[in-house]
Amino acid sequence: MLASRNRQAMTASPTLSHNEGVRHPQGDEPYYVPSGSEREIFASCHARGLPVMLKGPTGCGKTRFIEHMAWRLKRPLVTIACHDDLSASDLTGRWLIRGGETVWVDGPLAVAARLGAICYLDEIVEARQDTVVVIHPLTDDRRILPVEKTGELISAAPGFQLVVSYNPGYQHAIKDLKPSTRQRFVTLEFDYPAAGTEAEIVAHESGVKRSVATKLVELAHRVRRLKEEGLPEGPGTRMLVSTGRLIASGIPAADACRVALAGPLTDDPDLLAAIGDLADATL
Ligand SMILES: Nc1ncnc2c1ncn2[C@@H]1O[C@H](COP(=O)(O)OP(=O)(O)OP(=O)(O)O)[C@@H](O)[C@H]1O
Ligand SMILES: [Mg+2]
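Read in order, the letters of the sequence shown are residues 0 to 282 in numbering that gives the first Met the number 0.
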């Protein structure tokens, strides 16, 4: 197919790339409160070029952690949200017609490899297997990205690191990571922060008083126990921050909990009533 095009008008230019998704470390350090030695382990993996998998429930700090680490390690960050339709070309790049010329445009994975960036594939399990295998050669010692359409072998620049996130709560038999993918990653397990830490985060991020944040965390602990009653996933720290923001802006606590905590968690009338009762009793 390529042969049928005017080859003279085709330029494979690594400089012409999708740079919109690249975030360079700048500004203040992204706020992140560690729960253990995850920062030290991550930095060690980074220095040794080891790929890392962040595993944990929604809203527990995985994305914030990676933003924080990219800033600390002074590396650009390229984030790719994985989904069903993501193709290998979406990652590596494609030929496009621009101003009558056929030009090569790097995909975000190729950009990250050339830049020596941290490349964060969010919710990797959502991507199809034929897409996921594209990252495999980047995870072994050779650290290369073969680009089938140009025949180029991109060697990842120093500093390049692959990071993926994975929420085991959503895994289905048909949608799980193959062992050949999983076994390439050092795994950091994330969970909701300990109560005191979580209250500190909620107060910092939402602007509510520490006493209110402590109550919200207490409520979250109670609601998380409703998993036994059929709640698919408990509230993450993100929801407590949103609820706190509404309260800080003057919305009464009961209303804030209803719209920012109960509503997004479930449609089940019994569970909604149970969460409402817990909110009334706690706040
Ligand atoms: N350890 C933490 N330090 C600072 N803020 C945190 C921490 N954990 C959670 N947060 C707060 O919770 C919000 C949600 O966290 P984040 O977006 O990182 O979750 P996530 O694990 O990436 O979720 P998802 O799986 O849905 O993408 C952050 O924007 C931040 O306000
Ligand atoms: Mg995230």
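Glycine residues also receive a C-beta, built at the ideal position from the N, C-alpha and C atoms.
Quantities reported herein were computed from a predicted structural model and do not represent experimental measurements.
Residues bridged to C81 (per DSSP): DSSP lists no partner for C81.
For C59, three-class secondary structure by DSSP: coil
Same chain only: Cβ atoms within 6 angstroms of S154, ignoring 5 sequence neighbours per side: Non-local C-beta neighbours of S154 in its own chain, meaning closer than 6 angstroms and more than five positions away in sequence, comprise I143, ordered along the chain.
Length of the line joining the Cα atoms of K208 and M68: 28 angstroms
Check whether L187 and I40 have beta carbons under 9 angstroms apart: yes
For L76, three-class secondary structure by DSSP: If DSSP states are grouped into helix, strand and coil, L76 belongs with the strands.
Contact set for T10: own chain, Cβ-Cβ below 6 angstroms, skip 5 residues either direction: Low per-residue confidence applies at T10: pLDDT is 48, beneath 50, and the placement is therefore not dependable enough to give any value.
D83: CB within 8 angstroms of a non-hydrogen atom of ligand 2: no
Delimiting residues of the beta strand (DSSP E) encompassing D105: Taken as a continuous stretch (DSSP letters only), the beta strand (DSSP E) holding D105 covers 100-105.
Distance cut-off 8 angstroms: D121 Cβ against heavy atoms of ligand 2: yes
Per DSSP, the bridge partner or partners of I96: T101.
Residue of T281, A112, D129 minimising C-alpha distance to T138: A112
Residues of its chain near G48, where Cβ-Cβ distance is below 7 angstroms and the 5 sequence neighbours each way are ignored: R142, Q160
Rounded distance between the beta-carbons of L260 and P234, thought under 8 angstroms: About 6 angstroms separates the CB atoms of P234 and L260; that is less than 8 angstroms, so the two are in contact.
Near ligand 1: F64 beta-carbon under 8 angstroms from a heavy atom: yes
L176 - DSSP class collapsed to helix/strand/coil: coil
Whether A194 touches L225 by CB criterion (9 angstroms): no
Integer-rounded CB distance, given that A80 should sit under 8 angstroms from D105: Not confirmed; about 18 angstroms, so no contact.
Exposed unless 16 or more other CB atoms sit within 10 angstroms - verdict on Y30: exposed
Residues that C118 bridges to, as DSSP identifies them: C118 is bridged to V77, L161.
Counterpart residues of K54 in DSSP-defined beta bridges: Per DSSP, Y165, E188.
V110 classed as buried or exposed, judged by whether at least 16 other C-beta atoms fall within 10 angstroms: buried
T14 burial status per 10 Å Cβ neighbour count (16 or more: buried): In this prediction, T14 scores a pLDDT of 42, lower than 50, which makes its location untrustworthy; the coordinate-derived value is nonetheless stated afterwards. It is exposed - the Cβ of T14 has fewer than 16 other Cβ atoms within 10 Å.
Distance between R127 and T196 (C-alpha atoms, nearest Å): 36 angstroms
Presumed contact (8 angstroms Cβ cut-off) between T130 and A198, rounded CB distance: Actually they are not in contact, since the Cβ atoms of T130 and A198 sit about 40 angstroms apart, beyond 8 angstroms.
Same chain, Cβ closer than 6 angstroms to L76, neighbours up to 5 away in sequence not counted: For L76, where only same-chain residues beyond five positions count, the Cβ hits under 6 angstroms are R22, A69, I117.
Closest by C-alpha distance to R223, when choosing among P56, P167, L85: P56
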